[in-house]
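First comes the structure, then the notes that go with it.
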Amino acid sequence: GLTDRIYTLALTAASVAGMGAPVFFGLWAERRGEREVYVCVSAVAAAAALALPCVPSAWLFAAAWSVLSLPPALRGIRAAYFARHVAPQDLSRASQLASATGLLGGFCAPCITGLIGAIGHGFGACAVVATLSLLASAVLLHVCLPRRRVKVSSPVEDEEDGLTDTDECEQCRTSLSFEERQYATALCDSCWDNYCAGCSFPQYARKLLLSFCSIAALLELGMNAGVQATFQPLVVNHFNWDMSDIAFVNFVSAAASTAVSLLAARIRVPEHLQAAAATALYCTSLLLFATPPLSEWRLVLGLVLGLKAQILFMAPFSAMFSRLLGRLRVTNCLMTCLCMAPAAGGALGTVLAGFLLPWAGSFIFLLVLLPATVAMACMLWIAGSYSARIDCLS
Numbered sequence: 001g002l003t004d005r006i007y008t009l010a011l012t013a014a015s016v017a018g019m020g021a022p023v024f025f026g027l028w029a030e031r032r033g034e035r036e037v038y039v040c041v042s043a044v045a046a047a048a049a050l051a052l053p054c055v056p057s058a059w060l061f062a063a064a065w066s067v068l069s070l071p072p073a074l075r076g077i078r079a080a081y082f083a084r085h086v087a088p089q090d091l092s093r094a095s096q097l098a099s100a101t102g103l104l105g106g107f108c109a110p111c112i113t114g115l116i117g118a119i120g121h122g123f124g125a126c127a128v129v130a131t132l133s134l135l136a137s138a139v140l141l142h143v144c145l146p147r148r149r150v151k152v153s154s155p156v157e158d159e160e161d162g163l164t165d166t167d168e169c170e171q172c173r174t175s176l177s178f179e180e181r182q183y184a185t186a187l188c189d190s191c192w193d194n195y196c197a198g199c200s201f202p203q204y205a206r207k208l209l210l211s212f213c214s215i216a217a218l219l220e221l222g223m224n225a226g227v228q229a230t231f232q233p234l235v236v237n238h239f240n241w242d243m244s245d246i247a248f249v250n251f252v253s254a255a256a257s258t259a260v261s262l263l264a265a266r267i268r269v270p271e272h273l274q275a276a277a278a279t280a281l282y283c284t285s286l287l288l289f290a291t292p293p294l295s296e297w298r299l300v301l302g303l304v305l306g307l308k309a310q311i312l313f314m315a316p317f318s319a320m321f322s323r324l325l326g327r328l329r330v331t332n333c334l335m336t337c338l339c340m341a342p343a344a345g346g347a348l349g350t351v352l353a354g355f356l357l358p359w360a361g362s363f364i365f366l367l368v369l370l371p372a373t374v375a376m377a378c379m380l381w382i383a384g385s386y387s388a389r390i391d392c393l394s
């Protein structure tokens with residue numbers, strides 16, 4: 001049976017794997033291409049799902065569970081792939097559609113599990129369904145994703161392959177030499193050394209990455225410290241909720257999240273406005289949740305709004321980062337770092353939640369608003385100058 005010890009061990013192993021795996025996957029994709037990473041991870045996860053019901057020890061169960069938790073670590077690779085292959089004006093919408101599809105799968109999975117249980121089958125049947133799903137994903141990714149384009153070694157091969165996407169510098173529109181084209185950045189040496197506001201491109205990229213990572217980490221720090229990690233203890237201890245009440249809220253929230261994500265992809269709101277609105281939603285969620293005294297309806301509404309803010313934020317936020325960096329200069333490593341920032345902030349927020357929980361219902365608990373407020377101020381400043389910066393860089 002799945003004892004508390006095994007379950008705790010599995011969750012811990014999955015968390016550790018989820019924190020470290022994106023770095024490895026980003027480097028792997030940079031060297032070998034996105035298709036190889038996606039197909040291999042999906043295939044290995046399918047094997048882990050099939051092994052879950054029959055592993056003989058707790059340690060092997062935790063290892064299989066951690067492998068099964070690896071696919072979400074590919075978000076950075078997906079974001080980098082979209083940045084290079086999707087038109088800039090459609091980047092936010094494509095990312096939102098991808099997120100909505102994932103949410104739809106996450107919503108359907110518990111329904112399928114319940115149906116399997118209702119007809120008399122157990123965990124083994126669920127593992128088989130998960131295995132088939134992951135294998136189908138691996139096959140589709142292998143068929144649909146193109147091979148990694150091999151770097152050319154001479155101007156003659158370059159012309160024969162028809163690689164004309166970097167013929168001229170994106171900044172000054174001068175023709176690139178063959179040596180400059182080998183870097184695949186669409187920048188001449190002069191623009192590389194003086195990319196924006198007197199900064200070289202590497203300096204600009206570091207500053208941009210640091211600012212965007214800081215915003216994402218601060219938002220998740222506040223959300224986990226003030227809402228997600230404290231919701232269940234508060235409603236159980238103060239309002240006598242049981243697991244069925246919490247499960248119902250999670251189910252309704254998951255359904256609403258899928259609908260909100262599809263709606264956000266449907267309406268074409270500029271990415272900087274959508275990201276700014278999502279940041280404001282973070283702060284609204286925290287304000288409702290943390291304002292004393294504790295109120296049952298405000299706790300529920302704060303949780304639901306916080307989950308919607310997370311869904312609405314990352315797709316346009318990563319699209320902004322990609323456009324400010326330039327689609328040909330986006331790398332898997334940069335996008336992986338950006339997608340790891342919320343996880344790092346969330347982990348720190350979860351640790352802080354244990355210290356802040358005794359102060360829930362008092363004005364001291366409003367301190368959880370501070371990180372999100374700082375992040376919102378920075379986000380509004382970036383959004384205010386976003387269009388001008390895009391025009392300047394294009």
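The sequence shown begins at 1 in my numbering and counts up by one.
In this text, a Cβ means the ideal position worked out from N, Cα and C, and glycines have one as well.
For clarity, every value in this text was computed on a predicted model and none was experimentally measured.
(request) Under the assumption that I77 contacts G117 (Cβ atoms under 8 angstroms), give the Cβ distance between them as a whole number of angstroms. (result) In fact, because the Cβ distance is near 34 angstroms, the residues do not count as touching under 8 angstroms.
(request) Could you tell me whether the Cβ atoms of P22 and A217 are closer together than 8 angstroms? (result) Between P22 and A217, the CB-CB gap reaches or exceeds 8 angstroms.
(message) So, at 8 angstroms on beta carbons, what are the nonlocal neighbours of G384 in its own chain, with the 5 sequence-adjacent residues on each side left out?
(response) Excluding residues within five positions, none has a Cβ falling inside 8 angstroms.
(message) Going by DSSP in three states, S200 sits in which element: helix, strand or coil?
(response) Coil, per DSSP.
(message) Among the candidates H85, Y38, C54, P88, whose CA atom is the shortest distance from the CA of L70?
(response) That would be Y38, whose Cα lies nearest to the Cα of L70.
(message) Please classify M223 as buried or exposed, where buried requires at least 16 other C-beta atoms within 10 Å of its C-beta.
(response) Looking at its Cβ environment, which holds 16 or more other Cβ atoms inside 10 Å, M223 is buried.
(request) Measure the Cβ-Cβ separation of A414 and M379 and say whether it is below 8 angstroms. (result) For residue 414 there is no data in the structure shown, the boundaries of the chain being 1 and 394.
(message) So if DSSP puts S175 in a beta bridge, which residue, or which two residues, is it bridged to?
(response) In the DSSP output, where bridge partners are listed per residue, S175 has E168.
(message) Helix, strand or coil for T291? Go by DSSP, reduced to three states.
(response) Coil.
(request) For A64, collect the residues of the same chain with a Cβ closer than 7 angstroms to its Cβ; drop the 5 residues on either side in sequence, then sort them by chain order. (result) Here the set comprises A48, A51, L52, V55.
(message) Closest to S285 by C-alpha separation, out of T336, M340, L366, S177, would be which residue?
(response) Closest option to S285, Cα to Cα, is L366.
(message) Going by DSSP in three states, G349 sits in which element: helix, strand or coil?
(response) Residue state, collapsed to three classes: helix.
(message) Please state the DSSP three-state secondary structure of W241.
(response) Note: W241 maps to coil in three-state DSSP.
(request) Please confirm whether T185 and L328 have their CB atoms less than 8 angstroms apart. (result) Yes, the pair counts as a contact, with Cβ atoms nearer than the cut-off.
(request) Could you tell me whether any Cβ in chain D is nearer than 8 angstroms to the Cβ of P53? (result) In the structure shown, chain D cannot be found, because there is only a single protein chain.
(message) Taking the alpha carbon of L325 as the reference point, which residue from L301, V260, L187, G349 has its own alpha carbon closest?
(response) With distances taken between CA atoms, L325 lies nearest to L187 out of L301, V260, L187, G349.
(message) As a quick exercise: from W241, V252, L221, S253, pick the residue whose alpha carbon is nearest that of C283.
(response) C283 has its Cα closest to that of L221, out of W241, V252, L221, S253.
(request) Below 6 angstroms CB to CB, which residues in the same chain sit around C196 once its five sequence neighbours on both sides are set aside? (result) Answer for C196: Y204, listed in chain order.
(request) Check the C-beta distance from L91 over to S322 and give it rounded, since I have them as a contact under 8 angstroms. (result) The beta-carbon distance between L91 and S322, rounded to whole angstroms, is 6 angstroms. This is short enough to meet the 8 angstroms contact definition.
(message) Output needed for T373: all residues of its chain with C-beta closer than 7 angstroms, excluding positions within five of it in sequence on either side, in chain order.
(response) Cβ contact annotation for T373 (same chain, cutoff 7 angstroms, sequence separation greater than five): C283, in chain order.
(request) Output yes or no for whether 8 angstroms exceeds the beta carbon distance between A79 and T230. (result) Cβ atoms of A79 and T230: not closer than 8 angstroms.
(message) For a minimum of 4 consecutive residues, which ranges assigned as the alpha helix (DSSP H) are wholly contained in the stretch 216-283?
(response) With a minimum length of 4 residues, the continuous alpha helix (DSSP H) runs that stay inside the stretch 216-283 are 229-239, 243-266.
(request) In angstroms with no decimal places, state the Cα-to-Cα distance between V150 and R32. (result) With a pLDDT of 49 at V150, under the threshold of 50, the modelled position of this residue cannot be trusted, and the question is left open.
(message) So the candidates are F24, C126, E30, L140; which of them puts its Cα closest to the Cα of S42?
(response) Minimum Cα-Cα distance from S42 among the listed residues F24, C126, E30, L140 corresponds to L140.
(request) Using a threshold of 8 angstroms, state whether the C-beta atoms of A254 and G349 are closer than that. (result) No, the pair does not count as a contact, with Cβ atoms beyond the cut-off.
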